Amino acid sequence: MTLACNLLAFSQLLALTSTPARAWKPRTIRLRLISPRYHRPPRPTGLHYKTDHPWTDLLLTGLEHLQALPAP
20 MTLACNLLAF SQLLALTSTP ARAWKPRTIR LRLISPRYHR PPRPTGLHYK TDHPWTDLLL
80 TGLEHLQALP AP
């Protein structure tokens, strides 16, 4: 559990650098970005966002920031 919290916190700091979401609490991140769109098998596990979801742009921007980071 501690590892998951730390990963969420560090990815929030790295991915959401220039957005107000950088200061959100982990619970807010889970409720707004992760939980509403998570689904269980039989479909493959993943996140599915609609284009009109209010947090889609924020999530995509964060993912782009993470992908742009150099490999360790």
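The opening residue of the sequence shown carries number 20 in the working numbering; numbering runs sequentially from there.
Positions of the beta carbon are idealized from the N, C-alpha and C atoms, including for glycine.
It should be emphasised that the depicted structure is a prediction, and the values quoted were computed from it without experimental measurement.
Separation of residue j from residue i, as counted between CA atoms
| i | j | result |
| --- | --- | --- |
| proline 91 | histidine 84 | 15 Å |
| threonine 47 | threonine 36 | 16 Å |
| aspartate 71 | phenylalanine 29 | 27 Å |
| threonine 21 | lysine 69 | 30 Å |
| glutamine 31 | proline 73 | 18 Å |
| leucine 27 | leucine 88 | 16 Å |
| arginine 41 | alanine 23 | 17 Å |
For residue i, the three-state DSSP class (helix, strand or coil)
| i | result |
| --- | --- |
| proline 39 | helix |
| aspartate 71 | coil |
First through last residue of the alpha helix (DSSP H) which encompasses residue i
| i | result |
| --- | --- |
| arginine 46 | 45–48 |
| alanine 90 | First-last for alanine 90: undefined, no H or E at that position. |
| leucine 52 | Neither: leucine 52 is in no alpha helix (DSSP H) and is coded neither H nor E. |
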